[in-house]
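Heads up, the sequence shown is in the numbering used here, so the first residue is 8 and it goes up one at a time. A quick write-up on the structure given underneath.
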Amino acid sequence: MAIQNQPENLNQLNVISFQTNFLRMPMVDYFCQRVSIPGITSSSIVQTTPFADVPIEGDHLVFEDLSLDFIVDEDLKNYIEIFDWLKAIGFPDNFGQYNSQEEELKSDVNIVIQTNKSNPNYVVNFKDIFPVALGAINFDTNATSLEPIVVNAIFRYTGAFTIEKIT
Numbered sequence: 008m009a010i011q012n013q014p015e016n017l018n019q020l021n022v023i024s025f026q027t028n029f030l031r032m033p034m035v036d037y038f039c040q041r042v043s044i045p046g047i048t049s050s051s052i053v054q055t056t057p058f059a060d061v062p063i064e065g066d067h068l069v070f071e072d073l074s075l076d077f078i079v080d081e082d083l084k085n086y087i088e089i090f091d092w093l094k095a096i097g098f099p100d101n102f103g104q105y106n107s108q109e110e111e112l113k114s115d116v117n118i119v120i121q122t123n124k125s126n127p128n129y130v131v132n133f134k135d136i137f138p139v140a141l142g143a144i145n146f147d148t149n150a151t152s153l154e155p156i157v158v159n160a161i162f163r164y165t166g167a168f169t170i171e172k173i174t
């Protein structure tokens, strides 16, 4: 007897089968080590009854931030890409640092998810991302091996992201 519910494709999603495309940050793109498709939560409400409270589905979605880790190149070019972007948004020293062109403060990003044979399979699109956090660069004279320096960056984006099949 054949299994009735066997999936058509038995291949698992591979953790290393992705490619990032950051329109504003080509150096971060090249050195990207890890990226997370954000989680989503839905609000819910509780309807009170004389007997038991009944949960009801909500109408509001909350999307987590886009997080990525990248290796810092020795010229700090990829770190500076995000550092300068944050400075343009936050003008830490004076108003002249603020970039008033809104289209230059945001950028689009997509993540291409690949099959186990490295063929493009799905694309995850994010609109109008902007950085909200850039991790520290940590040096350590007690290190026993030459590990690359990996930094985390956090981004927010407008609305929801989309996941589309590549045909």
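Ideal Cβ positions, reconstructed from N, Cα and C, are used throughout, including at glycine.
Sub-8 Å separation of residue i and residue j beta-carbons
{"i": "Phe-146", "j": "Ile-96", "result": "no"}
{"i": "Val-116", "j": "Asn-28", "result": "yes"}
{"i": "Ile-63", "j": "Ile-52", "result": "yes"}
{"i": "Asn-101", "j": "Ser-24", "result": "no"}
{"i": "Leu-201", "j": "Phe-162", "result": "Shown here, the chain extends from 8 to 174; a query on residue 201 therefore has no answer."}
Neighbourhood of residue i by C-beta distance below 6 Å, restricted to the same chain and skipping five residues each side
{"i": "Trp-92", "result": "Pro-138"}
{"i": "Tyr-86", "result": "Val-79"}
{"i": "Gly-46", "result": "Glu-71"}
Counted within 10 angstroms of its Cβ, other Cβ atoms place residue i as buried (16 or more) or exposed
{"i": "Ala-160", "result": "buried"}
{"i": "Phe-168", "result": "buried"}
{"i": "Val-22", "result": "exposed"}
{"i": "Phe-38", "result": "buried"}
{"i": "Val-42", "result": "buried"}
Terminal residues of the beta strand (DSSP E) in which residue i lies
{"i": "Asn-159", "result": "157–163"}
{"i": "Asp-115", "result": "114–121"}
{"i": "Val-42", "result": "39–43"}
{"i": "Glu-81", "result": "Neither: Glu-81 is in no beta strand (DSSP E) and is coded neither H nor E."}
{"i": "Asn-145", "result": "Note, Asn-145: premise wrong, no beta strand (DSSP E); not H, not E."}
{"i": "Asp-135", "result": "127–141"}
{"i": "Pro-57", "result": "Where Pro-57 is concerned, there is no enclosing beta strand (DSSP E), given that its DSSP letter is neither H nor E."}
{"i": "Glu-171", "result": "169–172"}
{"i": "Asn-28", "result": "25–29"}
Where the alpha helix (DSSP H) containing residue i begins and where it ends
{"i": "Leu-93", "result": "84–97"}
Cutoff 8 Å; reference residue i; Cβ partners in own chain excluding five residues on either side
{"i": "Thr-56", "result": "none"}
{"i": "Ile-173", "result": "Val-119, Pro-127, Asn-128, Tyr-129, Val-130"}
{"i": "Arg-31", "result": "Glu-88, Trp-92, Ser-114"}
{"i": "Lys-177", "result": "Residue 177 is absent from the model: the chain starts at 8 and stops at 174."}
{"i": "Ser-152", "result": "none"}
{"i": "Ala-140", "result": "Asn-159, Ala-160, Ile-161"}
Distance cut-off 7 Å: residue i Cβ against heavy atoms of the ligand FAD
{"i": "Pro-62", "result": "Among the components modelled here there is no ligand, and therefore nothing to report on the ligand FAD."}
Chain-order list of residues whose beta-carbon lies under 7 Å from that of residue i (same chain, five-residue window excluded)
{"i": "Gln-40", "result": "Asp-76, Phe-77, Ile-78, Val-157"}
{"i": "Gly-166", "result": "Lys-134"}
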